[in-house]
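Here is the structure we will look at, set down as structure tokens.
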Amino acid sequence: MKAAFYVYPTAFQSPGGGEVMLLKTREYLEREGVEVSLFDPWRDKLKDFDLLHTFGSVKDALPMMRAASQAGIPNVLSTVCWYSWKSAWGTYGTLRNRVLSAARHAAKSWLPFLPSERKTMMEISDILLPNSQSEARQLMRFFRMPESKILVVPNAVDSSFAEASPELFVERYGFQDFILLVGRIEPRKNQLNVIRALKGIGRPTVIIGDCVPGYETYESACRQEADRDIHFLGGLPHGSPLLASAYAACDTFVLGTWLETPGLAALEAALAGAKVVITEEGATREYFKNFVRYVPPSDPRAIREAVQKSLASSKGPALSIHIKENYSWANTAKLTLSAYRKVLSAKEIES
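Here it is in structure tokens:
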């Protein structure tokens, strides 16, 4: 079986959890015997593959999906999307963009039959792979997708994070038992509200992540809001031992974003043994159950109170065990492979 992986053109210019999901899915599918190629439109031909697997519902990927459909190549789509009033309003910086985003959300909520490029991506897909049951319900509600077309494939975490040690990070930076934020610096990640919440809390806060191009003004606002106990370390590669060590060295990991499906960094931190404070928006409750503290991303006071309670509590193994037992890339690959077999079997029947 030959699968072509595809993603919108600018995805790896500022990689995040979605890009890690793509690469890890590839790695573990290859262990299952699938031949996976990162599709290169300059060199590769769709006819040489059994299927096209697109990651993310970003409209820039639609032309390639259309080409696959026209060539009789099955389309698989990992949707990676979430819709709510809070995320629609909070994700975008300017008032004009917020209003437009909220209007689009209203249209999806009240008029799900209206055409859109994202809806077209889902319609021409042979199967949709959301990361959670709650995301699957949104596909049915906002895009009128049939349940028979959906297979939930959970996000996952590399088991190596369970073996992470704090020593490397402590030796390099001198911080221990600190508050940690990991993620690209952009409005959707909501670092500005979290910084407002954590100023003067009495513990160092470490922020790991590069600014997304185009959001330099937002990063500047974050730095101006921060006090001397809040430290910006820049980005670290996903495979960096320093990143894993940072998870192990911190006391509490905070992901106060406007939405998560469910937040790869939080899964990694949890597996490494950190306590977690996470947004209530998105699929987080489905993954983290009652093992973490949930916060509204719009409320710095609530974020601060949750972090204070976390700092006052003791670490325990329950969260790490829960993540290890339920969210492995091996399981994600097996479910993805079952989706491939389903669409290829349907194609054989049709032909």
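In our numbering, the protein residues as written are 317 to 667. Every residue gets a Cβ at the ideal spot worked out from N, C-alpha and C, and that includes glycine.
- Query: What are the boundary residues of the beta strand (DSSP E) that includes residue 548?
  - Reply: Against the sequence shown, residue 548 aligns to sequence position 232. Element bounds for residue 548: 546–550.
- Query: With C-beta atoms as the reference, is residue 321 less than 8 Å away from residue 373?
  - Reply: Numbered from its first residue, the sequence shown carries residue 321 at position 5. Numbered from its first residue, the sequence shown carries residue 373 at position 57. No.
- Message: Among the candidates 588, 382, 341 and 319, whose CA atom is the shortest distance from the CA of residue 440?
- Response: As a first step, residue 440 must be located in the sequence shown, where it is residue number 124. Closest by alpha carbon: 382.
- Could you round the C-beta distance between residue 478 and residue 640 to whole angstroms and report it? I think they count as a contact, below 8 Å. Along the sequence shown, one-based indexing puts residue 478 at 162. Along the sequence shown, one-based indexing puts residue 640 at 324. Indeed, because the Cβ distance is near 6 Å, the residues count as touching under 8 Å.
- Message: Please report the straight-line C-alpha distance between residue 356 and residue 631, rounded to a whole angstrom.
- Response: Translated into positions along the sequence shown, residue 356 becomes position 40. Translated into positions along the sequence shown, residue 631 becomes position 315. Between residue 356 and residue 631, the C-alpha separation is close to 45 Å.
- Query: Is residue 430 buried or exposed, if buried means 16 or more other CB atoms sit within 10 Å of its CB?
  - Reply: On the sequence shown, residue 430 is found 114 positions in, with the first residue counted as 1. So residue 430 counts as exposed.
- Closest residue to residue 504 among 572, 367 and 615 (Cα-Cα distance): One-based indexing of the sequence shown puts residue 504 at position 188. In this structure, 572 is the residue among 572, 367 and 615 with its C-alpha nearest to the C-alpha of residue 504.
- Item | Any 3 or more C-beta pairs closer than 8 Å across the segment 590–606 and the segment 446–453 | These segments touch.
- Buried/exposed call for residue 388, threshold 16 Cβ in 10 Å: The residue you call residue 388 lines up with position 72 of the sequence shown. So residue 388 counts as exposed.
- Item | 8 Å contact criterion, which residue 513 and residue 623 should meet: CB distance rounded | In the sequence shown, residue 513 corresponds to position 197, counting from 1. In the sequence shown, residue 623 corresponds to position 307, counting from 1. 7 Å between Cβ atoms; contact.
- Query: Can we say the segment 600–614 touches the segment 525–543, given the rule of at least three CB pairs closer than 8 Å?
  - Reply: As far as the Cβ criterion goes, the segment 600–614 does not touch the segment 525–543, which means the pair count is below three.
- Query: So what does DSSP say about residue 521, is it helix, strand or coil?
  - Reply: As a position in the sequence shown, residue 521 is number 205, starting the count at 1. In the structure shown, residue 521 adopts extended strand secondary structure according to DSSP, grouped into three states.
- Helix, strand or coil for residue 491 per DSSP? Numbered from 1 along the sequence shown, position 175 holds the residue referred to as residue 491. In the structure shown, residue 491 falls within a coil segment according to DSSP collapsed to helix, strand and coil.
- Could you check where the alpha helix (DSSP H) with residue 344 kicks off and where it finishes? Here residue 344 is taken as the residue at index 28 of the sequence shown, counted from 1. Residue 344 -> alpha helix (DSSP H) spans 333–347.
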